[in-house]
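Everything on this sheet refers to the single structure shown next.
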Amino acid sequence: MGLQMASKMKISSLEVYGDSMLMINQLLTHYEVRKDDLIPYNQMATQLLENFDFVMLEHVLRKDNQIVDALANLAATLALTKDEAVNLPVCHR
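The opening position of the sequence shown corresponds to residue -3 in my numbering, with each subsequent residue numbered one higher.
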């Protein structure tokens, strides 16, 4: 979803941080995608990455990615129409 949005926004340079070392290495073609049900997702992501002039894929530890992961999960659960908006304050404790 994020790659599609960045592509539609005509972003030319992209930094992607992920907490799955396996997925990052699969997208970098260091590892092969072996699960048949994940191959289409990898192919789609690979095709979307080709739309950018520069892409950096980097692994981050899950413990360093907890807030970002929570926000991504929250965003994925929000079902808004194109005319709706939501104001979501983000705070640190």
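Just so you know, even glycine gets a beta-carbon here, dropped at the ideal spot from N, CA and C.
All values reported here derive from a predicted model rather than from experimental measurement.
Spatial neighbours of residue i within its chain, please: C-beta separation below 8 Å, excluding the five flanking residues on both sides.
{"i": "Phe48", "result": "Ala2, Ser3, Ile7, Ser8, Ser9 and Leu10"}
{"i": "Ala41", "result": "Leu(-1) and Leu23"}
{"i": "Thr73", "result": "none"}
Short check: CB of residue i to CB of residue j, under 8 Å?
{"i": "Val56", "j": "Tyr13", "result": "yes"}
{"i": "Leu90", "j": "Leu45", "result": "The shown model of the chain, from -3 to 89, leaves out residue 90, and the question about it has no answer."}
Who are residue i's beta bridge partners in DSSP?
{"i": "Phe50", "result": "Ser9"}
For the alpha helix (DSSP H) holding residue i, just list the boundary residues, first then last.
{"i": "Val64", "result": "Gln62 to Thr73"}
Leaving aside the five residues before and after residue i along the sequence, list all residues of the same chain whose C-beta is less than 7 Å from its C-beta, in chain order.
{"i": "Ile35", "result": "Val29"}
In chain order, what residues of the same chain have a beta carbon less than 6 Å from the beta carbon of residue i, not counting five sequence neighbours either side?
{"i": "Glu54", "result": "Tyr13"}
Inset, instruction - Specify whether the stretch 21 to 32 and the stretch 61 to 71 touch according to this definition: at least 3 beta carbon pairs, one from each stretch, less than 8 Å apart. - result: no
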